[in-house]
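I have placed the structure first, in the form of structure tokens, so that the comments after it can refer back to it.
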Amino acid sequence: MADYMTLKVLRVFLASPGDLSEERRAAKRAVDELDHTMAREFGWRIELCGWEDTLPGAGRPQELINRDVEACHLFVGLLWRRWGSPTGKFSSGFEEEFEFARARRSKTAEPEIWLCFKEVEAEQSKDPGEHLSSVLAFKEERIHEKDVMF
322 MADYMTLKVL RVFLASPGDL SEERRAAKRA VDELDHTMAR EFGWRIELCG
372 WEDTLPGAGR PQELINRDVE ACHLFVGLLW RRWGSPTGKF SSGFEEEFEF
422 ARARRSKTAE PEIWLCFKEV EAEQSKDPGE HLSSVLAFKE ERIHEKDVMF
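The opening position of the sequence shown corresponds to residue 322 in the numbering used here, with each subsequent residue numbered one higher.
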């Protein structure tokens, strides 16, 4: 097993609105298991964090969350039916986190960006409502811009 003093750290930021809470818990369990088994044998430690892990403090809440996005090596965005809540600067926390990560990547080549879209029932796509419409528009924009493979 690798010496704990020489472990490399992979910081992962998990961005998603609240409708994927079960997937967020599953991601935490998977990372914990991977971190405690294989990762350390290869000299790595994996830290997974998201908005719920951000410490309280003074300032605009999303700016506090963005500090964690600033520190990550890998940005993982998960979307399904909800877009999220406005931040005062963007239409949702997810959008602000994604744009923050994308802007940082264009300057520094980090973080790596992964996006995942949970399948939406065909019936719901017929009358998507405001949140799902925003998710679908975001997905179409990624397809059009060809900036992130998902």
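In this text, a Cβ means the ideal position worked out from N, Cα and C, and glycines have one as well.
Length of the line joining the Cα atoms of K329 and M359: One C-alpha to the other measures close to 13 Å.
For R388 and I367, the rounded distance between their alpha carbons: Whole-angstrom Cα-Cα distance: 18 Å.
Cut-off 7 Å between Cβ atoms - residues of its own chain near T327, not counting five sequence neighbours on either side: These residues qualify, in order along the chain: G364.
Nearest-angstrom Cα separation, counted from H357 out to R463: Each residue's alpha carbon lies about 34 Å from the other.
Euclidean distance between Cα positions of E451 and L331: One C-alpha to the other measures close to 35 Å.
As assigned by DSSP and simplified to three states, the class of A351: In this structure, A351 counts as helix in the three-state DSSP scheme.
Collapsed DSSP secondary structure at K460 in the structure displayed: Note: K460 maps to helix in three-state DSSP.
Unbroken stretches of the alpha helix (DSSP H), 4 residues or longer, contained in the stretch 421-452: Uninterrupted alpha helix (DSSP H) stretches at least 4 residues long and entirely within the stretch 421-452 occur at 443-447, given in chain order.
Within-8 Å CB hit, Q445 to chain D: The structure shown contains no chain D; it is built from a single protein chain.
Best match in E384, L399, G371 and R361 for proximity to V441 [C-alpha to C-alpha]: Checking every option, the nearest Cα to that of V441 belongs to L399.
Whole-angstrom distance between L369 and L457, CA atom to CA atom: Our two residues, L457 and L369, have alpha carbons roughly 26 Å apart in a direct line.
Own chain residues within Cβ distance below 6 Å of F421, not counting five before or after: Close CB contacts of F421 within its chain, under the 6 Å cut and outside five residues either way in sequence, are with N387 and V390 (chain order).
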